[in-house]
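This report concerns only the one structure given below.
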Amino acid sequence: MGNYSKKNNVTLIVILIIVLLRLFGFRYYFESWVFYVYFPLLLFLSRYNIKSTYAKLILLYIVLLTFSCLYSHFINGQKLLTTIVYSFNYFSLLFFFVLLQFKPSYKDTEKIFLIVSLCFCVCYIIQWIIYPTILFGAAGRHTGDDMFRARQPGSLSCYFLLMYGVNMLLQHRKIKYALLAGIGFLPIIIMGFRSLIALTVVSLFIMVPFVLRSGRKTLLYALLGAGVAMMAMQTPLVQSKIEEMNRRQEADQTFENKDYVRYASFNYYWNYHFTKPYEKIIGGGAPVDKSSKYAKQIKKKNEIHLWIEDLGIVGLSMMIGIPAVVCLVLMYLICVFRCKSPNLQYIRFTLIVVLFGSIFTSMELYRPGNILLLSLLLYMEMRYNKEELLRKNKNISYEGSRSERLLWLYCMRKHL
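The numbers in the numbering used here rise by one with no breaks, and the one at position 376 of the sequence shown is 714.
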């Protein structure tokens, strides 16, 4: 009966996540009013518990985010309820507390993320195949005659699947993990973000010694990985993406060009838009109330390609405030530091790619759905280390020393 209940919980959480990710942007499902359903649902399902470091930081982050919404209401004229509800993407880190309510094990949470990631990648690949028919996400963002760069909620999934596949392949050497890595890498290549692709490839090579803990094996697998990369570069898909990225490079879409659009975006938003008292610190709020002058100004600049999202974490700080962003980044870094086991390197390097790839060039850190998925990574790290602590102490009997008994009881009390 217990196993049946666990299986039901896994299925329920998978369905819940996919629904909250708006079915990966399925165009025949999503309407903006669903955020009025999502937000109270998230609050209702959450079990608030401040025992863990993550929980305290998440609640602090939520408080700071709320201050930003209040500032946006009183200073920038956005409706308060609209600003809070439509900022669901940023508040979705509360899903961590939903996981505390259901208490899935580490293995169950890993399974949940794998299913969600596979679903995301399959939907993304389908969208790529059927384009220009639009079925998922913002597939209409077509940058040229032969350039396709679609966005779908939950893009962190493909980085997770790639890193997980490589991590497990290094440890278990089974072909199924190579297939998972390949499925995860395909959307990353199709997206064609130069900095993220480069950072992903470099991170894969750096991850090898953290998993294997052996110099000889590391060198062997690094050479093997280089060989696979060279073969992959000869495929038509990768060749076309390399040509596409070279064209953007030749068009001076780099930081070496003083007229680069990201410099223009930063100059406008930092020096001319977010100029009200304390606005850069507290945050002007996500531009979600389309009836407000504040949101209309940002939309007008988007039309001439001055995207605040293209400023990465810097742009995020202007919207939700520097303290809230510091809180969010701190959670990433704590999780990266705590992923010490070879079994958790896929979590560590997924976070590294998404975090460092979003400093000033991408919104991958807070692309719709990714903050919600971050809550799973935080929970997985916490759950794994707690289960390991219990496993190490499960054989301590009550006949041991008093300190041993106290340690055993302490571990049991801390067990989720």
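We put the beta carbon where it would ideally sit given N, CA and C, even for glycine.
- The Cβ neighbour count for HIS411, taken over all protein chains shown within 10 Å, is at least 16; the residue is labelled buried.
- If only uninterrupted alpha helix (DSSP H) runs of at least 4 residues are considered, those enclosed by the region 452 to 536 are 494 to 510 and 513 to 529.
- If one requires a minimum length of 4 residues, the alpha helix (DSSP H) runs lying completely within the region 595 to 666 are 599 to 606, 617 to 620, 631 to 640 and 650 to 658, in chain order.
- By the neighbour-count definition (other C-beta atoms within 10 Å, threshold 16), ILE513 is an exposed residue.
- Counting C-beta pairs with one atom in each stretch, the region 418 to 428 and the region 621 to 628 have three or more that are closer than 8 Å, which means they touch.
- Taking a C-beta distance under 8 Å as the contact criterion, VAL348 and PRO491 do not qualify as a contact pair.
- Burial check for MET569: the Cβ neighbour count within 10 Å stays below 16, so the residue is exposed.
- Using a 10 angstroms sphere on the CB of GLU448, the tally of other CB atoms reaches 16 or more, which defines it as buried.
- Pairing ILE453 with VAL352, the inter-Cα distance amounts to about 7 Å.
- Fully enclosed alpha helix (DSSP H) runs of no fewer than 4 residues occupy 373 to 383, 391 to 412, 418 to 423 and 426 to 429 of the region 367 to 433, in order along the chain.
- A distance below 7 Å between beta-carbons, with the five flanking residues on each side excluded, links ALA519 to the following residues of its chain, in chain order: LEU500, GLY503, VAL504 and LEU507.
- For PHE687, the enclosing alpha helix (DSSP H) stretches over residues 683 to 694.
- Take LEU716, set aside five residues on each side of it, and the residues of its chain with a beta-carbon closer than 7 Å to its own are TYR392, PHE434, MET669 and CYS673, in chain order.
- Residue pairing by DSSP places PHE364 opposite PHE474 in a beta bridge.
- Spanning the alpha carbons of ASN414 and TYR632 requires a straight line of approximately 6 Å.
- Spanning the alpha carbons of LEU402 and GLY659 requires a straight line of approximately 8 Å.
- The residues TYR717, in chain order, have a CB closer than 6 Å to that of LEU437 in the same chain once the five nearest residues on each side in sequence are set aside.
- Between the alpha carbons of LEU354 and LEU728 lies a distance of about 29 Å.
- Contact annotation: LEU517 and THR688 have beta-carbon atoms that are not nearer than 8 Å.
- When the five nearest sequence neighbours on each side are left out, the beta carbons in the same chain lying within less than 7 Å of the beta carbon of ILE709 are those of ASN427, TYR428, SER430 and LEU431, in order along the chain.
- Boundaries of the alpha helix (DSSP H) harbouring SER713: 708 to 731, taken from the DSSP string.
- LEU456 places its beta carbon less than 8 Å from that of ILE521.
- Around the Cβ of PRO378, a 10 Å sphere holds fewer than 16 other Cβ atoms; the residue is exposed.
- Between the beta-carbon of TYR409 and that of ILE620 there is about 5 Å, and that keeps the pair under the 8 Å contact cut.
- Burial check for THR613: the Cβ neighbour count within 10 Å stays below 16, so the residue is exposed.
- Here LEU534 is near SER700, since their CB atoms are less than 8 Å apart.
- DSSP places ILE697 outside both helix and strand once states are collapsed to three, so it counts as coil.
- A Cβ-Cβ separation of about 6 Å places LEU666 in contact with TYR399 under the 8 Å criterion.
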